[in-house]
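Student: Have a look at the structure that comes next, please.
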Amino acid sequence: MASIKKRFDETNVHAAFEVSLVLKGVFALAEIAAGVFAYFVTRQLLLDLAQSVTRMELTEDPRDFVANYLLHAAQGLSVSSQHFTAFYLLSHGAIKLWLIIGLWRKKRRYYPAAIAIFGLFILYQIYRYSFTHSPLLLFITALDVVVIGLTWFEYRHLRRPPGSPPAAN
Numbered sequence: 001m002a003s004i005k006k007r008f009d010e011t012n013v014h015a016a017f018e019v020s021l022v023l024k025g026v027f028a029l030a031e032i033a034a035g036v037f038a039y040f041v042t043r044q045l046l047l048d049l050a051q052s053v054t055r056m057e058l059t060e061d062p063r064d065f066v067a068n069y070l071l072h073a074a075q076g077l078s079v080s081s082q083h084f085t086a087f088y089l090l091s092h093g094a095i096k097l098w099l100i101i102g103l104w105r106k107k108r109r110y111y112p113a114a115i116a117i118f119g120l121f122i123l124y125q126i127y128r129y130s131f132t133h134s135p136l137l138l139f140i141t142a143l144d145v146v147v148i149g150l151t152w153f154e155y156r157h158l159r160r161p162p163g164s165p166p167a168a169n
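So the sequence shown is numbered by the working numbering: it starts at 1 and just counts up by one.
Below you can see the structure in the form of structure tokens.
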């Protein structure tokens, strides 16, 4: 039991919190870039790109799941779904980046907001997973759960008066 407590001391939790913020920040920037890309790229360019990426793999194995999925997704893309995807990625990435910057700067009001908003993201991601069954959504959701837990611990630490001992669990 002492070994477990030692692993979860404040220094380790804080380091894990900072690493999770970096990971979430990278994902947020990637979402923003993907949102800009999704908004400005044409459907034909996406289809051509998907065909060139999958051509070799489908020649070797016409039943390749990933290649067929990618090609099918590009063929089924409509302008409205493209605009929704762009809006979703841009807004989701921008909100996360805004929260992460606030958390990184240790702004106390951001902690409860981040916990609530990341919780809403989790609910939406679970809802989307029920349709897509995307492993990436599960990974992002698991990362969000970890970030919420670490954010809660970090927030409790920040609210504690200086010099007081850690709260007993």
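Virtual Cβ for every residue (Gly too), placed ideally from N, Cα, C. Computed from a prediction, not measured in an experiment: that's the story for all the values here.
1. Candidates 95, 93 and 114: which alpha carbon is nearest residue 103's?
2. Assign residue 76 to buried or exposed, taking buried as 16 or more other Cβ atoms, counted over all protein chains shown, within 10 Å of its Cβ.
3. Is residue 120 near residue 35, with beta carbons less than 8 angstroms apart?
4. With three or more beta-carbon pairs closer than 8 angstroms as the criterion, would you say the region 31–51 touches the region 13–21?
5. Is the beta carbon of residue 117 closer than 8 angstroms to that of residue 140?
6. Please report the straight-line C-alpha distance between residue 82 and residue 26, rounded to a whole angstrom.
7. By DSSP, does residue 76 sit in helix, in strand, or in coil?
8. By DSSP, does residue 160 sit in helix, in strand, or in coil?
9. If you follow the alpha helix (DSSP H) that residue 128 is in, where does it begin and where does it stop?
10. According to DSSP, is residue 144 helix, strand or coil?
11. Quick check on residue 64: does DSSP put it in helix, strand or coil?
Tutor: Well, looking at it:
1. 114
2. exposed
3. no
4. no
5. no
6. 22 angstroms
7. coil
8. coil
9. 110–132
10. helix
11. coil
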